[in-house]
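See below for the structure under consideration.
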């Protein structure tokens, strides 16, 4: 039982990331859907698009991803997430002290960071494995093309990148935000 408790405290920011994703699933899924549909459209999922539309879609995709990150970093408050991001680049008196605290925490808990990164890599690998299986080992691509949902010239990457924008990319953004919160001792005891 003690080992499970130790593992639970070791993987605290990974667990927090998963709880955050679960609690705010619809918001994160909606933003991921915007990015996923935009990326699919860029890959000709619905036919060829002009350069201006492609550029506008790229702005929408990156904006959705930034919003996911700021939403997580601010613990559901995008403005707070933006302020925390801006604080990294500010030259206030306490900024250097906070950087030193984060560096000290990193030096003291580097093994904990490796465990969390290992857990994240395993989760990401499994999700990507599943996405590759869906894209290459099922009839989904052919079925979507035959039904006219995907354009006839759309590559299999449209499905792969759509699914990645719904799953592994938001997971990565939330995980990175929780890592930063953990480093600066702002990871709350309970999920926001």
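In my numbering, the protein residues as written are 1 to 192. Ideal Cβ positions, reconstructed from N, Cα and C, are used throughout, including at glycine.
Taking the CB atoms as reference points, tell me whether residue 166 and residue 32 lie closer together than 8 Å. Between residue 166 and residue 32, the C-beta gap is smaller than 8 Å, which places the two residues in contact.
Segments assigned beta strand (DSSP E), at least 3 residues, entirely inside the segment 35-106: Taking only runs of at least 3 residues, no beta strand (DSSP E) segment lies wholly in the segment 35-106.
Are at least three pairs of beta-carbons, each pair with one atom in the segment 172-179 and one in the segment 54-72, less than 8 Å apart? The segment 172-179 is in contact with the segment 54-72.
Taking the C-alpha atoms as reference points, what is the distance between residue 156 and residue 121? In a straight line, the C-alpha of residue 156 is about 24 Å away from that of residue 121.
For residue 164, count the other beta carbons within 10 Å of its own beta carbon; 16 or more makes it buried, fewer makes it exposed. Which is it? Buried, by the Cβ-count rule.
Using only the alpha-carbon positions, how far apart do residue 140 and residue 151 sit? Taking the straight line from one Cα to the other gives about 14 Å.
Between the beta-carbon of residue 36 and the beta-carbon of residue 162, is there less than 8 Å? The Cβ atoms of residue 36 and residue 162 lie closer than 8 Å to each other.
For residue 184, the three-state DSSP class (helix, strand or coil): In this structure, DSSP gives residue 184 a state outside helix and strand, which the three-state scheme calls coil.
Rounded straight-line distance, which links the Cα of residue 184 to that of residue 1: Note that residue 1 scores a pLDDT of 47, beneath 50, so its modelled location is shaky; the value from the coordinates is reported in the next line. Whole-angstrom Cα-Cα distance: 29 Å.
Close Cβ partners of residue 43 (< 8 Å) along its chain, the five nearest in sequence each way excluded: These residues qualify, in order along the chain: 154, 155, 157, 158 and 161.
Under 8 Å between the Cβ atoms of residue 214 and residue 73? This structure does not reach residue 214, given that the chain is present from 1 up to 192, and the question cannot be answered.
For residue 51 and residue 14, I'd like the C-alpha separation in whole angstroms. Those two C-alpha atoms are separated by around 39 Å.
DSSP-derived helix/strand/coil call for residue 156: Residue state, collapsed to three classes: coil.
Pairwise C-alpha distance: residue 138 and residue 107: Roughly 46 Å between the two C-alpha positions.
Could you check which residue in 45, 79, 34 and 188 has the C-alpha nearest to that of residue 60? Residue 34 is the option with its Cα nearest to residue 60.
Ignore the nearest five residues each way along the sequence and tell me which others in residue 87's own chain have a CB closer than 6 Å to its CB. Sequence-distant partners of residue 87 (beyond 5 residues in either direction) whose C-beta falls short of 6 Å from its own C-beta are missing from its chain.
Helix, strand or coil, according to DSSP, for residue 16 in the structure here? Annotated three-state conformation of residue 16 is helix, per DSSP.
Start-to-end residues for the alpha helix (DSSP H) that takes in residue 205: Because the chain here runs from 1 to 192, residue 205 falls outside it and cannot be looked at.
Taking the alpha-carbon positions, what's the residue 97 to residue 83 distance? Cα-Cα distance, rounded: 17 Å.
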